[in-house]
Every structure is written in C-alpha cells, then in structure tokens.
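So the sequences go chain by chain: A and B. Numbering-wise, the first sequence is residues 22 to 290 according to the working numbering. Numbering-wise, the second sequence is residues 65 to 358 according to the working numbering. Ideal Cβ positions, reconstructed from N, Cα and C, are used throughout, including at glycine. Working notes for the structure below.
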Amino acid sequence: MRKLRSFGIYFFLTIVSLISVFPLYWMIAAATNNSTDVLAGKLTIGMNLMQNLQSLLERQNVGRAFGNSLLFSSILSLLSLLVCSIAGYGFEIYHDKAKDTLMSILLLAMMVPFAATLIPLFKLFTGMHLQSTWIAYILPTISTPFLIMLFRQSARSFPTEIIEAARIDGLGELQIFLRIFMPTMRSTYAAALTVTFMNAWNNYLWPKVIMMSETSQTMPMLVANLASGYSIDYGVLMLGVLICSLPTGILFLVLQKSFANGIVGAVKG
Amino acid sequence: MMKSKFTGVQRRNLTGWLFLLPATILIFAMSFYPMVQALLLSFQTGVGNNLQWGGLSNYKRLLEDTVFTTSIKNNFFYLIIQVPVMLVLALILASLLNKKDLKCKGLFRTAIFLPCCTALVSYSIIFKTLFSYDGYVNTVLLNLGLIDSRINWLGQTGTAKIIIIIALIWRWTGYNMVFYLAGLQNIDDSLYEAARIDGAGPIKTFFSITVPLLRPTILLTTIMSINGTLQLFDESVNLTNGGPANSTLTMSHYIFKTSFEYNSQFGYAAAMSYVIFILVAILSFIQMKVGDKR
C-alpha cells in the first residue's frame with residue numbers, strides 16, 4: 022500500500038513535470054528546424070538554427086528591440102527596488118499612526134486595474150511629448166504597493182538593536198539603510214528583482230500604447246508582430262519566442278533559490 | 065541634553081517621511097490621479113480629443129453593449145474555472161514536494177517552475193502554434209488515431225476558451241507553488257510528526273495542518289490570481305485575438321480596442337474601466353473580509 026502510494030506520487034510528479042517542460046522543449050526544437058518540419062511535428066533538434074537566425078535578423082531589428090527591452094527593464098527594476106525598499110523600510114522603522122494610515126491608502130492602489138489608468142496615463146505622457154521614451158516606459162510602474170509591502174514585511178524581521186548600535190556608532194539614517202539594511206536583506210532584494218524584472222520585461226499593454234515609434238519597439242512587441250503576419254515561418258517565429266524568453270529564464274534559474282527564500286520572509290508576517 | 069535628543073527624534077521622523085516620499089508621490093501621480101481623470105473622462109462622450117459632457121450616457125450605453133457583457137462573462141468564466149484549479153493543483157504539488165523523503169525534489173521543482181520563465185507573449189504564441197489547425201497537437205492526435213480530422217481548437221468558441229485556461233494554468237501553477245513551498249517551510253515539522261503519531265493519514269494532515277497554516281499565503285495568491293485574471297490582456301490578444309466571435313475577448317482587451325483600435329472613444333473606454341475597477345474592489349473587499357476571519 023505504502024509502496025503503491027509512493028509510486029503514485031512519483032508518477033503524478035513526473036507527468037506534471039513533463040507537461041511543464043514539453044512546450045519549452047518543443048519551442049527549442051522548433052527554433053532549430055524549418056517551418057515545414059515544425060508543422061510536420063518533428064521533435065528532434067534540427068540543423069536550421071543558423072538559417073532561422075539569419076532570416077529573423079533580416080526581417081526584424083531584433084538587436085534594437087532586445088536592447089530596448091533590456092535597457093528599459095533594467096532601469097525600471099533598479100529604480101523600483103530602490104524607491105520601494107526605502108519606502109518599505111521607512112514605513113516599518115519609523116512607523117507611527119500617520120505613516121500607517123498612508124500605507125493603507127497606498128495599498129488601495131493594488132485594486133486599481135491598469136486598464137483604468139491606461140487612457141489618462143496615455144494622455145498625460147503624450148501631452149508632455151514623452152511618448153516612445155524610456156521615461157514613459159518606466160514611470161507608471163516604478164512604485165508598486167506589492168513591493169513596498171514586501172520590503173515592509175522584511176524590515177519587520179530586521180533587529181532594532183542593530184539600528185540603535187549603528188546610531189551610537191554615528192551612522193546617519195540613510196547610511197544605516199544603505200550599508201546595513203540593503204546587504205542584510207539580499208534574498209528579499211533577489212526575490213523583488215525577479216518579480217520586478219519579469220513584470221518589466223513582460224510589459225505589453227502599456228508599451229503597445231505608448232511606444233509608438235519604430236525605434237522604441239520592445240522585444241514582446243516584435244515577437245507579437247512576427248506571429249501576426251499572414252505567412253508565418255514557424256522556425257523563425259519560435260526562435261524569436263525563444264530569444265524573448267531568455268533574459269527572464271536566465272534570471273529565474275540563477276535567482277531561483279534566493280527567490281524562494283525572499284518570498285519566505287515576505288509571507289511570514 | 066534634553067533639547068538635542070528631541071531634535072534628534074524630530075530629524076529622524078523627518079527622515080522617515082523623506083524615505084516614503086518618492087514612492088508615495090509616484091503612486092499618487094501614476095495611480096490615484098489617473099483614476100480621478102478616468103472618472104471625469106467616463107462622463108464625457110466623443111471621439112479622440114473632441115469630448116463633451118455626456119453625463120451618464122456612457123454607462124447607459126454599457127448596459128446595452130453586448131460585446132462588453134460578453135467580455136465580462138469571459139473574464140468570470142476564466143476566473144471561476146482557472147483560479148481554483150490552478151491554486152489547488154499548486155497546493156497539492158507544493159505539499160508533495162515538501163515531503164522529506166522525496167527523491168529528485170530539486171528536479172521536479174525546477175521542471176514545474178520552468179514555465180514561469182517564459183515571457184507572456186512567448187507562451188501565448190507557443191500555445192497558439194501548438195493548438196493551431198495544422199499544429200502539433202492535431203498532428204499527434206491524428207497520428208494516434210484519436211481523431212478523424214483536424215480540430216479547429218482556436219476557431220471554435222468552446223475549445224478556444226478551454227485552450228486559454230489550459231495555457232494560463234500551465235504558465236502560473238509553478239509560480240503559485242513557490243509561494244506555497246515558501247509558506248510550508250515556516251510550518252514546524254514536529255506538527256506533522258505529531259499528526260503521524262496520532263495516526264492521521266496524508267489527506268487528513270493536508271486539511272487539518274497544511275491548509276489552515278497556509279491561510280495567509282493562500283489568501284495572498286488568491287488575491288493576486290483574481291486580480292491578474294480580471295486584467296488579462298496579453299493572452300487574449302496573442303493567443304486568440306479575442307475570437308472567435310468575441311468568445312475569448314477580455315475586458316482589458318475590449319478597452320484597448322475601443323481606445324486605440326476603433327475610433328478612440330476614450331470616454332466610453334474609461335466608463336468600462338471603472339466597471340472593472342469596481343469589480344476588482346468588491347472582490348478584494350470580500351477576500352479581505354473572508355481572509356480576516358481566523
């Protein structure tokens with residue numbers, strides 16, 4: 022009975038794992054085959070990767086779109102981490118009644134769906150002639166209640182004795198944050214970076230609206246364009262899809278461990 | 065002495081406010097201010113920047129707009145089916161992977177987590193291609209003799225919805241599982257040990273220890289999933305383009321179409337966005353109330 026149950030568990034986990042991995046394997050295999058083979062259902066790695074890459078680069082300015090996405094998402098993630106972590110730290114360490122009230126007001130922004138702010142934001146940024154700039158890409162999502170909450174939660178576990186000791190040693194308040202809090206909370210930062218970068222990279226609705234010039238096109242926009250044509254070359258398309266997933270994939274795999282640890286700290290409270 | 069300490073506290077308090085300032089200004093400028101603007105806009109009618117006061121006419125028009133009601137129904141269909149299935153699956157997977165004596169734990173965890181690595185646009189296109197008329201799924205089913213002719217998965221109203229749900233579950237189950245795994249690490253092993261000694265089976269342990277102790281995490285993931293599902297956009301655009309016959313169109317996609325694809329009816333789109341806002345607010349409120357009861 023026990024043996025049977027344990028077999029069942031392994032069987033179930035194996036099936037789920039295979040279903041999870043298969044579409045990704047299929048994407049990689051398709052990126053190395055030509056369109057006819059992809060449609061015929063060929064599952065082995067083919068020899069067509071270089072040809073696919075060549076025709077992808079001929080058709081679309083992948084370098085520019087990839088660079089744009091990488092640049093915008095990196096700036097957005099770094100600023101977002103800085104702004105939200107210092108706010109979360111401030112809300113917890115210096116907390117009083119007024120700040121707690123402000124926090125619960127800010128949390129209301131979690132309920133604001135992006136579609137509702139889309140049009141006013143569009144008018145705001147085009148009114149200031151900031152359309153198609155990195156500023157327009159990053160500004161709406163730098164400060165998020167979710168990240169502020171995450172950092173407030175992790176600041177809760179930060180010992181106050183350390184802060185007191187640092188003050189006696191003559192460290193300023195900002196220095197305590199920069200030199201003591203930030204290095205100690207590395208795993209929270211890693212978790213926050215993973216979530217923020219993923220959201221920034223995946224951003225699609227807002228860039229589709231505000232990044233109007235061809236030169237400001239992002240990678241998801243480029244891939245979506247590839248897929249909407251009439252005659253689709255599936256090998257080329259899947260290579261584009263693969264390239265679009267590389268940065269988030271690498272980040273996730275590298276930070277997987279600290280992502281989980283950071284989330285532990287966040288859900289504890 | 066007293067005086068300098070007092071100013072020290074004051075200065076500290078000021079520092080605290082300065083720390084909050086950038087984040088607060090940004091949320092007010094990028095969320096709350098646009099919300100007010102959207103409300104004002106929702107009372108105006110017209111095309112592009114040619115707007116005039118229309119009172120409640122946009123809201124009246126909404127009630128008669130069958131496409132909008134269809135999109136609401138679609139969103140709720142996804143919500144009611146996808147969110148529970150995904151969260152229950154994630155919870156089961158997390159508690160299986162939390163077992164001490166399980167072998168290849170890391171391998172299973174990474175495999176199940178891997179779909180989260182794909183960009184939203186990427187996985188929409190992968191599923192679109194897999195389930196297309198001449199796609200891989202049809203080819204395999206045909207070769208296995210399970211179907212006689214190719215099925216137009218994305219071209220039929222019923223199956224198109226199901227494909228979107230399957231895609232969503234595939235993409236997000238691993239993500240939610242990580243939250244549960246993290247929460248499970250906070251549960252003391254001795255509780256499970258005690259339950260085992262008391263003779264409780266795995267199913268009883270799951271419902272009497274795992275689920276109650278994970279309550280805050282379950283609440284967090286439920287709110288995140290509901291919020292995400294009500295705001296679905298990428299999948300609707302890139303997997304099915306809202307079709308066939310608007311059967312997969314989401315509210316956000318319809319707002320986008322009304323504002324930027326048809327003829328820029330900003331006022332009308334703003335009225336729709338307020339309906340989403342109110343729906344999200346009501347659902348979040350119910351969630352908080354239910355979640356607070358311990």
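- By the neighbour-count definition (other C-beta atoms within 10 Å, threshold 16), R76 of chain B is an exposed residue.
- For Y110 of chain A against F202 of chain A, the beta-carbon gap comes to about 6 Å, under 8 Å, which counts as contact.
- Close to chain A, meaning a Cβ-Cβ distance shorter than 8 Å, are the following residues of the stretch 188 to 214 of chain B: I189, I190, F191, K192, T193, L194, D198, G199, Y200, T203, V204, N207.
- Here P308 of chain B is near G219 of chain B, since their CB atoms are less than 8 Å apart.
- DSSP places V111 of chain B in the uninterrupted beta strand (DSSP E) bounded by 108 to 111.
- Around the beta carbon of H317 of chain B, a 10 Å sphere encloses 16 or more other beta carbons of the protein chains shown; the residue is thus reported as buried.
- Between K118 of chain A and chain B, the shortest Cβ-Cβ separation is not below 8 Å.
- Against chain A, a Cβ distance below 7 Å from I176 of chain B picks out V37, S38, S41.
- Residue-level contact by beta carbon fails for T65 of chain A and chain B, as no gap is shorter than 8 Å.
- Interface criterion not met: the Cβ of M71 of chain A is under 8 Å from no Cβ in chain B.
- For Q238 of chain A, the three-state secondary structure derived from DSSP is coil.
- Along the stretch 340 to 352 of chain B, going in chain order, the ones with a CB nearer than 8 Å to a CB of chain A are I340, F341, V344, A345, S348.
- W217 of chain B is not bridged by DSSP to any residue.
- Along the stretch 42 to 56 of chain A, going in chain order, the ones with a CB nearer than 7 Å to a CB of chain B are V42, P44, L45, W47, M48.
- Ranked by how close their Cα comes to the Cα of L283 of chain B, the residues B:A258, B:I251, B:F243 have B:F243 in first place.
- Around I287 of chain B, the same chain offers S348, Q351 as residues with beta carbons nearer than 7 Å, after the five sequence neighbours per side are excluded.
- Selection B:K163, B:L303, B:D212, B:T281 evaluated against I230 of chain B yields B:L303 as nearest (Cα-Cα).
- Taking a Cβ-Cβ threshold of 7 Å, the residues of chain B close to E194 of chain A are R76, T79, in chain order.
- T182 of chain B is a Cβ neighbour of S266 of chain A, given a cutoff of 8 Å.
- Taking the Cβ atoms as the reference, I176 of chain B lies roughly 6 Å from V37 of chain A, within the contact range of under 8 Å.
- Contact with chain A is absent for I227 of chain B, since none of that chain's Cβ atoms lies less than 8 Å from the residue's Cβ.
- For N223 of chain A, the C-beta contacts it makes with chain B under 8 Å involve A183, L184, V185, D298, in order along the chain.
- DSSP, reduced to helix, strand and coil, places L100 of chain A within a helical segment of the structure shown.
- Judged by their CB atoms, A130 of chain A and L171 of chain A are not nearer to each other than the 8 Å cut-off.
- Taking a contact as a CB-CB distance under 8 Å, the pair T239 of chain A and P228 of chain A counts as one, their CB atoms being some 5 Å apart.
- The secondary-structure analysis by DSSP pairs N114 of chain B across a beta bridge with B:V111.
- Non-local beta-carbon contacts of M232 of chain A in its own chain, meaning distances under 6 Å to residues more than five positions away in sequence, involve S153 in chain order.
- Taking a beta-carbon distance threshold of 8 Å, V83 of chain A does not count as an interface residue toward chain B.
- Here Y187 of chain B is buried. Its C-beta has 16 or more other C-beta atoms within 10 Å.
- When Cβ-Cβ separations below 8 Å define contact, V275 of chain A makes no contact with chain B.
- Take L263 of chain A, set aside five residues on each side of it, and the residues of its chain with a beta-carbon closer than 7 Å to its own are M48, I49, A52, in chain order.
- Below 8 Å, too few C-beta pairs join the stretch 241 to 248 of chain A and the stretch 177 to 184 of chain A to call them touching: fewer than three.
- In the DSSP assignment, L294 of chain B falls within the alpha helix (DSSP H) that extends over 279 to 294.
- Listed along the chain, the chain B residues whose CB falls inside 7 Å of the CB of I284 of chain A are V242, F243, A246.
- Taken in chain order, the complete alpha helix (DSSP H) segments of 4 or more residues contained in the stretch 59 to 84 of chain A are 70 to 80.
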